[in-house]
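Notes follow the structure.
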Amino acid sequence: MTRATVVGAGGLGGPLALALGAAGVELVIVDHDTVELSNLHRQIQFTASDIGKSKATVLASAVVAAGGKARGYQTKWTAEDADDISGDCDLIVDGCDDPATKFAVADWAVATGKPYVIAAALRYGGNVLVGAPGHACYRCLFEEPVDAATCAAAGVLGPVVGVIGGVAAALAIGLARGDSSHAGSIFVFDDLRRSRDPRIVRFEPRAGCPSCTQRKAS
Ligand SMILES: [Zn+2]
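Okay, so the sequence shown: first residue is -8 according to the working numbering, each after it adds one.
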């Protein structure tokens, strides 16, 4: 059985975990946050009765209720604990809302040679990046975290996370089945109110990328 870590149990983590769990992928779901009333318009895995509960635990229960296998951990995913939490996973999928964590997930995946998917959504669009050993990485493209707007501050249209999370799940299921044909690519959805077609951009490894350089040296 394939094992995956899902980082983030919110708007993107919900569709990611439910789709991967239903596809037979055994999940470890990690999120330090608890459910709030303001989450419910886009985090449709939760109901009003979940307010105050651990997002990771409630989402894991939803995956199990749908016939899948999942464990939820109410903690922040960090590089320090990564080997303990995600060491036995075959791939790692990120749908969290924190740029630093996204870089940490990608760097750890590159260092350990695991395929990964990093998904992000904001306002009316989002993007999904696919990585695998031997291909350009997240840090090749984005270099380092910037102070970007967050969903909590800038908002995101409820259905947008469903679309982006669904695309991320489909690409992750592809990776789980050994299809790395999209590795080193990013799917960009500019504004889902205007177009559902992504720009699929394949990018090259960046000379001097510290994440890739460290991988080659190890
Ligand atoms: Zn790189």
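Here a beta-carbon is modelled for each residue, glycine too, at the ideal position from N, C-alpha and C. Computed from a predicted structure; not experimentally measured.
The shortest C-alpha to C-alpha distance from residue 172 to any of 96, 127 and 1 is the one to 127.
For residue 29, the number of other beta carbons within 10 angstroms of its own is below 16, and it is reported as exposed. Bounds of any alpha helix (DSSP H) do not take in residue 28, whose DSSP letter is neither H nor E. For the 8 Å CB-CB criterion, residue -5 and residue 80 form a contact. In the three-state reduction of the DSSP assignment, residue 180 falls in the strand class, which pools E and B.
Ranked by Cα distance from residue 92, the first of 73, 104 and 105 is 73. Under the three-state reduction of DSSP, residue 154 is assigned to helix.
In this structure, the C-beta of residue 186 stays at least 7 Å away from each heavy atom of ligand 1.
Under the rule that a run must span 3 or more residues, the beta strand (DSSP E) segments found entirely inside the segment 95 to 155 read 107 to 113 and 116 to 122. Of the residues 140, 166 and 118, the one whose Cα lies closest to the Cα of residue 152 is 118.
A distance criterion of 7 Å places the beta-carbon of residue 197 in contact range of ligand 1, judged by its closest non-hydrogen atom. Residues whose Cβ lies closer than 5 Å to any heavy atom of ligand 1, listed in chain order: 128, 130, 131, 200, 202 and 203. With respect to the C-alpha of residue 110, the residue from 154, 67, 125 and 145 having the closest C-alpha is 154.
Rounded to whole angstroms, residue 52 and residue -2 show a C-alpha spacing of 16 Å. Note on geometry: alpha-carbon atoms of residue 129 and residue 180 lie some 17 Å from one another.
Within the same chain, Cβ atoms closer than 6 Å to the Cβ of residue 0 are found at 20, 22, 46, 47 and 50, the five residues on either side in sequence being excluded. Beta-bridge annotation (DSSP): residue 169 is not paired with any residue.
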